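Worksheet: the structure to be examined is printed underneath.
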Amino acid sequence: MTYKTRKNEDRTRIINLYIEKMPRKEIARILDINVDTVYKIISVYQKEGRIDAIQRGGPKNTTITKGIEEFIIDSLDGDFKNHVRRSQPNNEEELFTAIDEAFLSVLPADCNEYYRNMVSYLVKSLNKEIIID
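The numbering used here numbers the first residue of the sequence shown as 18 and each following residue consecutively.
The structure is reproduced here in structure tokens:
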């Protein structure tokens, strides 16, 4: 038997029939759902009050150490400074405009890229590889 995810509508139907005091085997027969699945959905409802399935996947939590944090800050700081320098402001107003643009130029995706690069350096270091960049 293959694993099949139940839609939240199916889960709601199961719980509604359960609340109406219908036996679990009867619920499984009427909805053409495995009895074990019905038992599990009702059990979760009784324990947690939850009907909907738990969302899976998505971004994983990662621990950013102090060293990685400093590397990211230094790298972004360098990008920020370079952006302001490239704009070559001639007066205070242009300088403030360049600073504002630099703030907007650093995106969350940049942080993710720096983090991935840092992790790749750590892996190379652990494997005692020579890092040439």
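From the three backbone atoms N, C-alpha and C, an ideal C-beta is built for every residue, glycine too. Quantities reported herein were computed from a predicted structural model and do not represent experimental measurements.
| Looking only at its own chain, which residues have a Cβ that is under 7 Å from the Cβ of Arg30, when we skip the five neighbours before and after it? | Within the sequence shown, numbered from 1, the residue matching residue 30 stands at position 13. Around Arg30: Leu48.
| request: Could you give the DSSP three-state label for Ala45: helix, strand or coil? | output: In the sequence shown, residue 45 corresponds to position 28, counting from 1. DSSP places Ala45 in the helix class (H, G or I) of the three-state scheme.
| message | Judging by CA-CA distance, which residue of Glu118, Glu111, Arg41, Val136 is the nearest neighbour of Gly84? | response | Here residue 84 is taken as the residue at index 67 of the sequence shown, counted from 1. It is Val136 whose Cα lies nearest to the Cα of Gly84.
| task | Put Gly66 into one of helix, strand or coil per three-state DSSP. | result | Working through the sequence shown from its first residue, we reach residue 66 at position 49. Three-state result, Gly66: coil.
| Contact under 8 Å by Cβ, Phe88 with Ala119 | On the sequence shown, residue 88 is found 71 positions in, with the first residue counted as 1. On the sequence shown, residue 119 is found 102 positions in, with the first residue counted as 1. Going by C-beta atoms, Phe88 is not nearer than 8 Å to Ala119.
| Rounded to a whole number of angstroms, what is the C-alpha to C-alpha distance between Glu43 and Ile71? | Numbered from its first residue, the sequence shown carries residue 43 at position 26. Numbered from its first residue, the sequence shown carries residue 71 at position 54. Approximately 25 Å, taken between the alpha carbons.
| field | Arg73, DSSP secondary structure in three states | value | Numbered from its first residue, the sequence shown carries residue 73 at position 56. In the structure shown, Arg73 sits in coil (DSSP, three-state: anything other than H, G, I, E or B).
| query | Run through DSSP, which three-state label would Arg23 get? | reply | Translated into positions along the sequence shown, residue 23 becomes position 6. DSSP, reduced to helix, strand and coil, places Arg23 outside both helices and strands of the structure shown, so it counts as coil.
| said: Please classify Val55 as buried or exposed, where buried requires at least 16 neighbouring CB atoms within 10 angstroms. | reply: By 1-based counting over the sequence shown, the position of residue 55 is 38. By the neighbour-count rule (16 or more Cβ atoms within 10 Å), Val55 is buried.
| query | According to DSSP, is Asn134 helix, strand or coil? | reply | In the sequence shown, residue 134 corresponds to position 117, counting from 1. Helix at Asn134.
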